[in-house]
Amino acid sequence: MPTTTNSETNAPQRPRVIEAVRWSPDGGAVRIIDQRLLPAEYVELDLRTLDEVCDAISTLAVRGAPAIGVAGAMGLVASLDAHAGGAPGDFGDRLVAHAARIRATRPTAVNLPWALDRMLGRAAREQGPPRAILTALRDEATQILAEDRAMCRRIGEHGVALLAPDARVLTHCNAGALATGGMGTALAPIYIAAERGGRVSVFADETRPLLQGSRLTAWELARAGIPVTVLTDGMAASLMQRGSIDLCIVGADRIAANGDFANKIGTYGLAIVARHHGVPFYVAAPTSTVDPEVPDGDAIVIEQRGGDEVRRSFGRLIAPEEAAVYNPAFDVTPAALVTAFITDRRIVRPPYDFSGWGFE
Ligand code: MRU
């Protein structure tokens with residue numbers, strides 16, 4: 001349900017710091033920014049029920065790999081609140097069922113199953129009545145949020161070393177504050193550079209079909225006072241050909257053990273163009289995006305989304321109803337095209353081996 005509505009022309013309540021996911025003031029709901037409406041409207045939503053949590057994740061009201069991990073963990077807690085007065089057996093069954101439904105909302109980003117497995121692991125270690133278990137789960141979800149925020153900052157601090165003071169950075173989709181619990185991944189080095197007085201500028205691929213680049217990346221950078229230029233996806237190659245881009249930084253949804261990674265559809269093409277033009281291509285991601293269980297990119301499941309996302313735009317038909325639509329949400333970029341990964345631990349350079357990565 002909407003809590004705060006303020007159009008961009010009249011937005012006195014819009015908070016200075018972007019918090020894409022947080023607890024509502026009463027602690028009973030997950031408060032998110034409804035990213036389907038940006039940049040035209042700033043609306044916050046409180047998610048309390050399982051249906052509300054699943055709908056928000058699958059319709060991209062909350063999106064971005066780290067943010068859906070955090071929202072999934074917090075949403076699990078919120079959705080169980082109404083059931084904590086019941087019998088322990090019933091509560092345990094609901095916990096497993098709610099986690100399974102949230103997990104099924106989006107298959108590609110590993111952060112979502114990673115966060116839910118962490119929640120189930122915490123529940124398994126707890127003793128006591130459902131209310132006590134729910135308190136422990138709330139504590140775990142709050143920790144996941146806090147850790148994500150800290151990982152973003154560390155990514156920024158590592159990545160800023162790669163940026164000249166006046167670097168021109170090309171990015172794809174949105175891997176900023178809106179996509180995480182903190183300041184973002186791909187945008188974190190840019191925010192830190194700006195904090196330190198740099199004059200970094202950003203070129204944001206529009207990112208068809210859902211326009212996360214033009215709607216979200218450009219919105220949050222403009223709001224922070226960082227120069228941003230929006231381009232349609234097909235324009236990136238000509239910008240690089242003209243020598244107008246110093247480096248690319250993108251996010252990731254899942255990084256395989258060999259360094260192949262999934263990210264928003266279009267990332268692979270961008271990496272090829274960058275390689276062709278000798279432009280460094282960096283991937284910024286937290287440890288929670290590494291999946292050491294997946295050996296390589298072939299084993300990453302790619303989410304396929306509905307054809308109307310491509311067929312319609314702004315409520316208008318832009319392709320004939322009869323035309324089939326190809327709409328994978330993500331693609332896989334081979335590790336060989338990655339100059340380095342910018343992680344919360346360190347900058348990782350080839351040859352890549354993430355097989356020992358994990359939290360335990
Ligand atoms: O479909 P989306 O908007 O969730 O896709 C998001 C991306 O592809 C991001 O680049 C990725 O999740 C990294 S976000 C820090």
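Under the working numbering, the first residue of the sequence shown is numbered 1, with each subsequent residue one higher.
Every residue, glycine too, gets a C-beta built ideally from N, C-alpha and C.
Distance between beta carbons of residue 172 and residue 278, contact taken as under 8 angstroms: Within the sequence shown, the letter at position 278 stands for residue 278. Within the sequence shown, the letter at position 172 stands for residue 172. Between residue 172 and residue 278 the Cβ distance is about 18 angstroms, and since that is not below 8 angstroms, they are no contact.
Classification of residue 195 by the beta-carbon crowding that lies within 10 angstroms, buried from 16 upward: Taking the first residue of the sequence shown as position 1, residue 195 is located at position 195. So residue 195 ends up on the exposed side.
Coil, strand or helix - residue 127 by DSSP: Position 127 of the sequence shown, counted from the start, is the residue given in the question as residue 127. Here residue 127 sits in coil by DSSP.
Span of the alpha helix (DSSP H) around residue 47: Position 47 of the sequence shown holds residue 47. Taken as a continuous stretch (DSSP letters only), residue 47 belongs to no alpha helix (DSSP H), being part of the beta strand (DSSP E) at 41-47.
Contacts around residue 304, its chain only, beta-carbon distance under 8 angstroms, and the 5 residues preceding and following it disregarded: If you number the sequence shown from 1, residue 304 lands on position 304. 327, 328, 329.
Simplified DSSP state of residue 282, which is helix, strand or coil: Residue numbering aside, residue 282 sits at position 282 when the sequence shown is read from its first letter. It is a strand residue.
Whole-angstrom distance between residue 41 and residue 235, CA atom to CA atom: Numbered from its first residue, the sequence shown carries residue 235 at position 235. Numbered from its first residue, the sequence shown carries residue 41 at position 41. Cα to Cα, residue 235 sits roughly 27 angstroms from residue 41.
Any non-hydrogen atom of ligand 1 within 6 angstroms of residue 251 CB: As a first step, residue 251 must be located in the sequence shown, where it is residue number 251. Checking every heavy atom of ligand 1 against the Cβ of residue 251, one is found closer than 6 angstroms.
Distance between residue 199 and residue 192 (C-alpha atoms, nearest Å): Taking the first residue of the sequence shown as 1, we reach residue 192 at position 192. Taking the first residue of the sequence shown as 1, we reach residue 199 at position 199. If you take the alpha carbons of residue 192 and residue 199, they lie about 11 angstroms apart.
Residue 276, buried or exposed, once every other Cβ within 10 Å from all chains shown has been counted against 16: On the sequence shown, residue 276 is found 276 positions in, with the first residue counted as 1. Under this definition residue 276 is an exposed residue.
Spatial distance of residue 155 from residue 341 (CA atoms): If you number the sequence shown from 1, residue 155 lands on position 155. If you number the sequence shown from 1, residue 341 lands on position 341. Approximately 10 angstroms, taken between the alpha carbons.
Residue closest to residue 138, alpha-carbon to alpha-carbon, out of 227, 241, 122, 296: Position 138 of the sequence shown holds residue 138. Ranking 227, 241, 122, 296 by Cα distance to residue 138 puts 122 first.
Close beta carbons around residue 5, own chain, < 7 angstroms, minus the five adjacent residues each side: Counted from its first residue, the sequence shown places residue 5 at position 5. Residue placement at residue 5 cannot be trusted, given a pLDDT of 48 that sits under 50; what the coordinates show is reported in the next sentence. Only 41, 43 meet the Cβ criterion.
Option nearest residue 302 by Cα separation, candidates 333, 262, 335, 319: Here residue 302 corresponds to residue number 302 of the sequence shown, with the count starting at 1. Cα-wise, what sits closest to residue 302 is 262.
Anticipated Cβ contact below 8 angstroms, residue 289 with residue 252, distance rounded: Within the sequence shown, residue 289 is the residue found at index 289, counting from 1. Within the sequence shown, residue 252 is the residue found at index 252, counting from 1. Contact flag correct, Cβ pair sits at about 5 angstroms.
First and last residue of the uninterrupted alpha helix (DSSP H) at residue 173: The residue labelled residue 173 in the question sits at position 173 within the sequence shown. No alpha helix (DSSP H) holds residue 173; DSSP gives it neither H nor E.
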